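> Quick one: this structure, given as structure tokens, is what I'll be asking you about.
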Ligand SMILES: NC(=O)c1ccc[n+]([C@@H]2O[C@H](COP(=O)([O-])OP(=O)(O)OC[C@H]3O[C@@H](n4cnc5c(N)ncnc54)[C@H](O)[C@@H]3O)[C@@H](O)[C@H]2O)c1
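Laid out in structure tokens, this is it:
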């Protein structure tokens, strides 16, 4: 992958977000040229900690603004597009469903429309979420062919994005060689996420203030996955699309962790606080809106056809994440800390 990405022109929407900043850092390390298109970064963001603004073409823009998005892409003439921009939080989707749907559904339609009018693009990875599946709370992993759905507005908006993609490619790209696919990954953890209402950032804030992390369901388990895992899947997928190795249309791919030792939310929070050195876990007494329970992905397709396999266990992911915050909070350079984890994750010989 390293050789493949060297010198490629990559356009990333959502580059100021958590996943987008990690992706930008990896691709810069591998010699890609990057243009990012997103809303302004949050004040305390990984994007600013990594000084990414100085190393890429950075455009502040809204994906709901078709004119600006189309012009931005067409000016740049990228080889590869990663679409990550989204209103990405379940709880915020209850507070502002209109913003969630217009960004995640209509914004994604704008993205497809912009790609359609930009002839240079040879590969498009359209990121949605594992939450696009209708969650029937069963034990088995969801397959790419399972029905879409979603209880909360965020999940439903991601299912909408998938439906829009499916209609768009069959309506407008059926006569072209396939160059696009959607990617469905689950919740990820990793250093540099400062979002509200995500467990590790909540632990980091509690530890900084010597305070408490309020947990809604401390005994629930989640398939903990480091952010580099799905990103490596997105990058492999983009490379395969570029070489026209994927012919199915529409094309959808799951990228989830391997099923390994279950770690509860309570165990995770206690371990992170222990590594960070302070803070306590407490049960959240408030009643919260519905959030889906168990959700696992079946990733046989990516394992077999892309030779993509998760590398870090849930425990590795948690420890690397907590160490990132510990190192950065103790004054180490965030770029070095992040680059060391990237070097550790990717295999010089095989990636
Ligand atoms: N983080 C996770 O655990 C997770 C899990 C599954 C799927 N995803 C998906 O991965 C993608 C990236 O997630 P993330 O965690 O980095 O999210 P994030 O909230 O950290 O970043 C979102 C990015 O989208 C941009 N954005 C939001 N609204 C926009 C708009 N209207 N116009 C332009 N840009 C806009 C933001 O500026 C930011 O750059 C999203 O599509 C998300 O739904 C994330």
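Residue numbers (the numbering used here): 889 to 1239.
Think of the CB as a built atom: it goes at the ideal place given N, C-alpha and C, for glycine as much as any other residue.
Note that this is a predicted model, so its numbers are computed, not measured.
1. Rounded to whole angstroms, what's the CA-CA distance from residue 1079 to residue 1090? Just pull it up for me.
2. Report, in whole angstroms, the separation of the C-beta atoms of residue 913 and residue 938, which I expect to be a contact under 8 Å.
3. So what's residue 1086 in DSSP terms, helix, strand or just coil?
4. Residue 947 and residue 928 look like a contact to me (Cβ under 8 Å); what is the Cβ gap, rounded to whole Å?
5. Alpha carbon to alpha carbon, how far is residue 952 from residue 984? Give it in angstroms, no decimals.
6. Within the continuous alpha helix (DSSP H) that includes residue 936, where are the two ends?
7. Within a Cβ cutoff of 7 Å, which residues of the same chain sit near residue 943, ignoring the five residues on either side of it in sequence?
8. Taking buried to mean at least 16 other C-beta atoms within 10 Å of its own C-beta, is residue 1226 buried or exposed?
9. So, with DSSP's three-state summary, where would you put residue 1124?
10. Taking 8 Å as the cut-off, decide whether the C-beta atoms of residue 1068 and residue 1129 are in contact.
11. Where in the segment 938 to 1008 do unbroken runs of the alpha helix (DSSP H), each at least 4 residues long, occur, reported from the N-terminal end onward?
12. State yes or no: is the C-beta of residue 1231 within less than 8 Å of the C-beta of residue 910?
13. Is the separation between the beta-carbon of residue 1163 and that of residue 1114 shorter than 8 Å?
14. Taking the C-alpha atoms as reference points, what is the distance between residue 1031 and residue 1098?
15. For residue 899, which residues does DSSP report across the bridge?
16. So, for residue 1048: in the same chain, excluding its five sequence neighbours on each side, which residues have a beta-carbon less than 6 Å away from its beta-carbon?
17. Over the uninterrupted beta strand (DSSP E) stretch that includes residue 1143, give me the two end residues.
18. Applying the 10 Å Cβ sphere with the 16-neighbour rule, what's the burial state of residue 1135?
19. Per DSSP, which residues does residue 1194 bridge with? Please list them.
20. Mapping the DSSP letters down to three states, classify residue 1226 as helix, strand or coil.
21. Since I believe residue 1153 is in contact with residue 1110 (beta carbons under 8 Å), could you give me their beta-carbon distance rounded to a whole number of angstroms?
22. How far does the alpha helix (DSSP H) with residue 1056 in it extend, from its first residue to its last?
23. With a threshold of 7 Å, establish whether the CB of residue 972 neighbours any heavy atom of ligand 1.
24. Can you name the start and end residues of the beta strand (DSSP E) that residue 1103 belongs to?
25. Based on Cα-Cα distance, which residue from 1204, 1033 and 1066 lies nearest to residue 1009?
26. Going by the beta-carbon positions, is the gap between residue 1167 and residue 1101 smaller than 8 Å?
According to the data block:
1. Each residue's CA atom was taken as its position, placing residue 1079 and residue 1090 some 13 Å apart.
2. Right, their Cβ atoms sit about 6 Å apart.
3. Residue 1086: coil per DSSP, three-state reduction.
4. 11 Å between Cβ atoms; not a contact.
5. Distance between the alpha carbons of residue 984 and residue 952: 15 Å.
6. Residues 934 to 937.
7. Closer than 7 Å at the Cβ level, and outside the excluded window around residue 943, lie 916.
8. Under this definition residue 1226 is a buried residue.
9. Residue 1124 falls in the helix class under three-state DSSP.
10. Yes, they are a contact pair.
11. Listed in chain order, the alpha helix (DSSP H) elements of length 4 or more contained wholly in the segment 938 to 1008 are 954 to 964, 978 to 983, 985 to 989 and 995 to 1004.
12. Not a contact, by the Cβ cut-off of 8 Å.
13. In this structure, residue 1114 does not lie closer than 8 Å to residue 1163 by Cβ.
14. Residue 1031 and residue 1098: Cα-Cα distance of roughly 42 Å.
15. Residue pairing by DSSP places residue 899 opposite 923 and 969 in a beta bridge.
16. The residues are 993.
17. Residues 1140 to 1143.
18. Residue 1135 is exposed by the Cβ-count criterion.
19. For residue 1194, no pairing in a beta bridge is given by DSSP.
20. Shown here, residue 1226 sits in a helix according to DSSP, grouped into three states.
21. That pair is a contact at about 7 Å.
22. Taken as a continuous stretch (DSSP letters only), the alpha helix (DSSP H) holding residue 1056 covers 1041 to 1060.
23. Placement of the Cβ of residue 972 at a distance of less than 7 Å from at least one heavy atom of ligand 1 is found.
24. Its beta strand (DSSP E) spans residues 1100 to 1103.
25. Taking each of 1204, 1033 and 1066 in turn and checking the Cα distance to residue 1009, the smallest one comes out for 1066.
26. With contacts defined as CB atoms closer than 8 Å, residue 1167 and residue 1101 qualify as a contacting pair.
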